[in-house]
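Quick note: the sequence shown uses full-length UniProt numbering, first residue 1, plus one each step.
Following: one structure in structure tokens, then a few remarks.
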Amino acid sequence: MPSALSPSAAFAAPSPSGTPIPEEEEYYSSWSLFLVCGLLILSLWTSYYLQIKRIRAIHETLVAIFAGMFVGLVVRLAPGTMIRDMLTFRHTLFFNLLLPPIILASGYELKQENFFRNFGSILVFAFLGTFISAVGVGVIVFIWSSLGLESLGFTLIECLTFGSTLSATDPVTILAIFNQYKVDPKLYTIIFGESLLNDAVSIVMYETLSQFHGSDFSVTHIFHGIGIFLLSFGGSMALGVVFGLAMSLVLKHSSLSLYPSIETCLVALSAYTCYFFSNGLSMSGIVSLLFCGITLKHYAYHTMSRRTQRATKYIFATLAQLSENFIFIYLGLSLFTSPPSSEKVTSYFKPLFWIHFRAPFTYYAIDTRPVPPAVASGHAHQASLSYARSPAPPFFFPSHHANCTTTTLLCFLPRVFHLHDISHSTIPGSSRSGTFGRNRPHCHYNP
Numbered sequence: 001m002p003s004a005l006s007p008s009a010a011f012a013a014p015s016p017s018g019t020p021i022p023e024e025e026e027y028y029s030s031w032s033l034f035l036v037c038g039l040l041i042l043s044l045w046t047s048y049y050l051q052i053k054r055i056r057a058i059h060e061t062l063v064a065i066f067a068g069m070f071v072g073l074v075v076r077l078a079p080g081t082m083i084r085d086m087l088t089f090r091h092t093l094f095f096n097l098l099l100p101p102i103i104l105a106s107g108y109e110l111k112q113e114n115f116f117r118n119f120g121s122i123l124v125f126a127f128l129g130t131f132i133s134a135v136g137v138g139v140i141v142f143i144w145s146s147l148g149l150e151s152l153g154f155t156l157i158e159c160l161t162f163g164s165t166l167s168a169t170d171p172v173t174i175l176a177i178f179n180q181y182k183v184d185p186k187l188y189t190i191i192f193g194e195s196l197l198n199d200a201v202s203i204v205m206y207e208t209l210s211q212f213h214g215s216d217f218s219v220t221h222i223f224h225g226i227g228i229f230l231l232s233f234g235g236s237m238a239l240g241v242v243f244g245l246a247m248s249l250v251l252k253h254s255s256l257s258l259y260p261s262i263e264t265c266l267v268a269l270s271a272y273t274c275y276f277f278s279n280g281l282s283m284s285g286i287v288s289l290l291f292c293g294i295t296l297k298h299y300a301y302h303t304m305s306r307r308t309q310r311a312t313k314y315i316f317a318t319l320a321q322l323s324e325n326f327i328f329i330y331l332g333l334s335l336f337t338s339p340p341s342s343e344k345v346t347s348y349f350k351p352l353f354w355i356h357f358r359a360p361f362t363y364y365a366i367d368t369r370p371v372p373p374a375v376a377s378g379h380a381h382q383a384s385l386s387y388a389r390s391p392a393p394p395f396f397f398p399s400h401h402a403n404c405t406t407t408t409l410l411c412f413l414p415r416v417f418h419l420h421d422i423s424h425s426t427i428p429g430s431s432r433s434g435t436f437g438r439n440r441p442h443c444h445y446n447p
């Protein structure tokens with residue numbers, strides 16, 4: 001006789017369609033959330049221990065990823081698929097829940113003077129660097145596909161689309177490490193700004209190439225893509241500024257300062273509304289949210305009550321930290337919970353083609369400009385935004401969905417580990433300062 005506490009006693013028979021009944025789904029979702037919360041506690045406690053002991057050789061992001069990989073392996077080997085399916089990476093969860101707090105906190109706490117002072121350098125890295133990376137990766141994948149070693153059969157447009165996906169960077173990895181090591185302000189500003197703005201470039205390249213799928217590519221398509229980019233980037237930036245100014249006027253001409261809790265909620269909701277509205281218009285929600293946060297801090301912050309000022313700073317920072325740790329855990333879990341690849345083992349070696357493809361181009365550009373050389377390595381690191389967008393290309397080649405997802409993750413993981421070493425070696429006064437500090441006198445920028 002089954003126990004009253006066992007799932008078989010608590011749940012009725014499965015429905016004929018095979019879909020889980022609500023009680024069973026709630027049961028397994030509780031276990032899934034328990035695993036995630038436990039990993040978050042482990043990650044945050046590790047961060048506390050590493051900081052209090054001043055351990056620099058290991059970063060909390062590495063612990064979060066490996067802990068997620070271990071739990072993902074256990075879930076993979078365990079019987080049943082309910083928990084594994086619930087822990088599978090979903091890009092909608094990433095873009096709608098995890099990424100906005102990080103962007104909002106970054107824009108809200110952005111040092112605006114440094115950002116706009118280096119705006120020209122940021123645009124060069126965001127536009128030129130992303131274009132070189134997308135074309136280079138696309139051509140290499142096309143050559144590999146043409147060799148016929150794996151019977152992929154990708155067209156040039158499909159390969160360029162995949163390259164534009166891998167060319168997106170975001171500040172999740174970079175900010176998580178740079179915030180702890182307190183790197184040079186100019187280095188931080190350039191890498192942070194490039195990682196945000198190049199998202200618009202990547203999105204526009206992907207959407208433009210998607211329109212040309214199945215048709216002949218011509219020169220007019222290039223000008224069409226430039227027009228789409230200008231409209232997307234300019235519209236996204238203007239939308240963020242408008243939402244920020246509107247909220248500033250509401251705070252200025254109302255008595256919301258008498259109700260700090262309502263005031264705090266409205267400020268946060270205005271930023272999130274801007275993000276979702278921009279995405280709904282097929283523009284860059286990241287760019288809109290960034291400039292909305294900048295505008296809120298510049299205009300609305302000084303009209304808030306003191307309690308709202310403190311609340312917004314701490315709430316945005318807390319949500320951003322939770323989102324960062326959750327993203328790294330989620331990526332580790334997805335290595336084993338994602339559907340397995342049906343391709344040959346040789347597909348796992350394809351990331352070697354482009355893990356450091358961008359480095360030679362960016363190093364050359366930096367050698368001709370007075371910019372810290374560590375920017376090249378920071379610019380060359382793939383972040384989790386690319387992995388979140390990786391389910392998009394299989395709309396063109398669905399038979400290789402799992403292969404594209406696994407390959408993108410394999411590109412991401414080595415770069416996170418390498419970024420930790422690079423950022424550590426470029427810290428002023430670090431006992432492990434590498435060749436950058438010894439041979440390049442303009443490495444460290446003094447603001």
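Glycine included, C-beta positions come from ideal geometry on N, C-alpha and C.
Asked                                                                                                                                                              : Found
Are I294 and L123 touching if we call contact CB-CB under 7 Å?                                                                                                     : no
Check S146 in the structure and name its three-state DSSP category.                                                                                                : helix
Pairing CB atoms from the stretch 262-277 with CB atoms from the stretch 187-199, are three or more of them under 8 Å?                                             : no
Go ahead and label A134 buried or exposed: buried means 16 or more other beta carbons lie within 10 angstroms of its beta carbon, across all protein chains shown. : buried
Would you report the Cα separation of T61 and N325, rounded to the nearest angstrom?                                                                               : 7 Å
Apply the 10 Å Cβ neighbour rule to E158 and answer buried if 16 or more other Cβ atoms are within range, or exposed otherwise.                                    : buried
Please state if the CB of S270 and the CB of F291 are separated by a distance shorter than 7 Å.                                                                    : no
With H, G and I counted as helix, E and B as strand and the rest as coil, what does DSSP make of S338?                                                             : coil
Below 8 Å on the Cβ atoms is my contact criterion, and I expect L40 with L256 to pass it. Report the Cβ-Cβ distance as a whole number of Å.                        : Their Cβ separation, rounded to whole angstroms, is 33 Å, which puts L40 and L256 out of contact at 8 Å.
Can you have a look at P22 and say buried or exposed, based on whether 16 or more other CB atoms are within 10 angstroms of its CB?                                : exposed
For T84, count the other beta carbons within 10 Å of its own beta carbon; 16 or more makes it buried, fewer makes it exposed. Which is it?                         : Note that residue 84 corresponds to Arg in the displayed sequence, not to Thr. Flag for R84 reads buried.
Sorted by chain position, which residues of the same chain lie with C-beta nearer than 7 Å to S399's C-beta, five sequence neighbours on each side aside?          : Low confidence applies to S399: its pLDDT is 44, below 50, so where it sits in the model is not reliable, and the reading given next is rough at best. Counting only Cβ-Cβ distances below 7 Å, and skipping sequence neighbours, we find nothing.
Considering only the beta carbon of each residue, do P260 and T308 sit closer than 7 Å?                                                                            : yes
Identify the continuous alpha helix (DSSP H) that holds E25 and give its terminal residues.                                                                        : P22 to I52
Quick check: A126 and L33, are their CB atoms within less than 7 Å of each other?                                                                                  : no
Where do the ends of the alpha helix (DSSP H) carrying Y275 lie?                                                                                                   : P260 to G280
Considering only the beta carbon of each residue, do V74 and T46 sit closer than 7 Å?                                                                              : no
To which residues of the same chain is I103 closer than 6 Å at the C-beta, ignoring the five residues directly before and after it?                                : I286, L289 and L290
Please state whether DSSP places K111 in a helix, a strand or coil.                                                                                                : coil
Counting along the chain, where does the alpha helix (DSSP H) carrying F229 start and finish?                                                                      : V219 to K252
What residue range does the alpha helix (DSSP H) around S164 cover?                                                                                                : L156 to L166
Among residues of its own chain, excluding the 5 on either side of L245, which ones have a beta-carbon nearer than 8 Å to its beta-carbon?                         : T295 and Y299
Compare the C-alpha of A105 against each of K297, I222, G136 and S254 and name the closest.                                                                        : K297
Tell me which residues share the same chain as L44 and place their Cβ nearer than 7 Å to its Cβ, disregarding the 5 neighbours each side in the sequence.          : N325
Taking 6 Å as the limit between beta carbons, can you name the residues of its chain near residue 448, skipping five residues before and five after?               : This structure cannot settle anything about residue 448, because the visible part of the chain is limited to 1 through 447.
If we ignore side chains and look at the alpha-carbon of each, how far apart do T88 and F229 end up?                                                               : 32 Å
With a threshold of 16 other CB atoms inside 10 Å of the CB of S248, please say whether the residue is buried or exposed.                                          : buried
Which of the three DSSP states is assigned to R310 in this structure?                                                                                              : helix
In the structure shown, what three-state DSSP assignment does I203 receive?                                                                                        : helix
Alpha carbon to alpha carbon, what distance is there between L42 and I65?                                                                                          : 11 Å
For a test of the three-state rule: what should DSSP assign to M283, helix, strand or coil?                                                                        : coil
Can you name, in chain order, every residue of its own chain whose Cβ lies under 7 Å from the Cβ of L209, other than the five neighbours on each side?             : I157, L160, T161 and S164
Run through DSSP, which three-state label would H401 get?                                                                                                          : Low confidence applies to H401: its pLDDT is 45, below 50, so where it sits in the model is not reliable, and the reading given next is rough at best. The answer is helix: DSSP assigns H401 an H, G or I state.
Measuring straight from C-alpha to C-alpha, what distance separates F316 and G234?                                                                                 : 26 Å
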